[in-house]
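The listed protein sequences derive, respectively, from chains A and B.
Heads up, the first sequence is in the numbering used here, so the first residue is 28 and it goes up one at a time.
Heads up, the second sequence is in the numbering used here, so the first residue is 8 and it goes up one at a time.
Just so it is clear, CB atoms sit at the ideal spot from N, CA and C, and this is done for glycine as well.
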Amino acid sequence: AQSVTQLDSQVPVFEEAPVELRCNYSSSVSVYLFWYVQYPNQGLQLLLKYLSGSTLVKGINGFEAEFNKSQTSFHLRKPSVHISDTAEYFCAVTLSGNTPLVFGKGTRLSVIA
Amino acid sequence: EAGVVQSPRYKIIEKKQPVAFWCNPISGHNTLYWYRQNLGQGPELLIRYENEEAVDDSQLPKDRFSAERLKGVDSTLKIQPAELGDSAVYLCASSPGGGSEKLFFGSGTQLSVL
Numbered sequence: 028a029q030s031v032t033q034l035d036s037q038v039p040v041f042e043e044a045p046v047e048l049r050c051n052y053s054s055s056v057s058v059y060l061f062w063y064v065q066y067p068n069q070g071l072q073l074l075l076k077y078l079s080g081s082t083l084v085k086g087i088n089g090f091e092a093e094f095n096k097s098q099t100s101f102h103l104r105k106p107s108v109h110i111s112d113t114a115e116y117f118c119a120v121t122l123s124g125n126t127p128l129v130f131g132k133g134t135r136l137s138v139i140a
Numbered sequence: 008e009a010g011v012v013q014s015p016r017y018k019i020i021e022k023k024q025p026v027a028f029w030c031n032p033i034s035g036h037n038t039l040y041w042y043r044q045n046l047g048q049g050p051e052l053l054i055r056y057e058n059e060e061a062v063d064d065s066q067l068p069k070d071r072f073s074a075e076r077l078k079g080v081d082s083t084l085k086i087q088p089a090e091l092g093d094s095a096v097y098l099c100a101s102s103p104g105g106g107s108e109k110l111f112f113g114s115g116t117q118l119s120v121l
């Protein structure tokens, strides 16, 4: 079965600094990969997804992620964060086809003014 | 277009009481999911519906949890009786097809069992 590991439970970063949130997955077959954001007291919102094609995926709010098959990673990056990026970020994986998402435990990004 | 609607937004009950959550998916979305999100954790699938059929309920604790999706649109998730460990956020999501590539989440119901 597939699984996701988010290596950092909390990431504090100063405003306008770059950030990387790490995600590694485990699967013996091809996968689809996702990053979701959850603002306080809200549901999950899709940031970006990798299904196939270019390994560099651009999403909303200036975020991007790179799929690295050899390292089984899908790290999320943003070159300059804002206070409004403070939220919980979840990496998720699903097998190609009709299977549900499996989520990581999340990384809490705190942007400091 | 309206998103996935869930109610109530918050629910506080005493243990051993019953509780129900309601979800209205995006119009035209055949697939509906119920996830549970414990504090500090990622969401975990409880049950998945394709129209009115539960196609994956392997993670649903069937001794106290039940769900239904009559007519393949709205869905209700019930817990009876609730236990302290059931305190969590219950998320509903829907997608237009069977895959998870286009998943939309509701805001969730935050359950507190005292």
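Rounded to the nearest angstrom, the Cβ distance from B/Gly-104 to B/Asn-37 is 7 Å, consistent with a contact under 8 Å. A/Thr-82 has a beta carbon lying at 8 Å or more from every beta carbon in chain B. DSSP, read as helix, strand or coil, puts A/Ile-110 in helix. Annotation: B/Ser-65 has no Cβ neighbours in chain A at a cutoff of 9 Å; minimum Cβ distance is about 10 Å.
Excluding sequence positions up to five before and after A/Gly-133, its CB lies within less than 7 Å of the CB of Gln-33, Glu-115, Tyr-116, Phe-117, all in the same chain and listed in chain order.
A/Pro-39 is outside the set of residues whose beta carbon lies under 8 Å from a beta carbon in chain B.
Contacts with chain B at 8 Å (Cβ-Cβ) do not include A/Gly-86. Closest option to B/Val-80, judged by alpha-carbon separation, among B/Cys-99, B/Ile-20, B/Gly-115: B/Cys-99. The Cβ of A/Gln-69 sits closer than 8 Å to at least one Cβ of chain B. Judged by beta-carbon spacing, A/Val-40 lies within the 8 Å limit of A/Val-138, meaning their Cβ atoms are closer than that value.
A/Pro-67 counts as exposed, since fewer than 16 other C-beta atoms from the protein chains shown sit within 10 angstroms of its C-beta. Between the segment 13 to 26 of chain B and the segment 87 to 95 of chain B there are three or more inter-stretch CB-CB distances shorter than 8 Å, so the stretches are counted as touching. The three-state secondary structure of A/Ile-87, taken from DSSP, is helix. B/Arg-55 is bridged by DSSP to B/Tyr-40, B/Asp-63.
Annotation: A/Leu-78 to A/Leu-60 spans about 7 Å, alpha carbon to alpha carbon.
Around A/Thr-99, the same chain offers Asn-51, Tyr-52, Ser-53 as residues with beta carbons nearer than 7 Å, after the five sequence neighbours per side are excluded.
Shown here for B/Pro-32: same chain residues with a beta carbon closer than 6 Å to its own, the five before and five after excluded, namely Val-11, Leu-39, Ser-101 in chain order. For B/Phe-72, the nearest beta carbon of chain A is not closer than 8 Å to its own beta carbon. In the three-state scheme derived from DSSP, where H, G and I count as helix and E and B as strand, A/Lys-76 is classed as strand.
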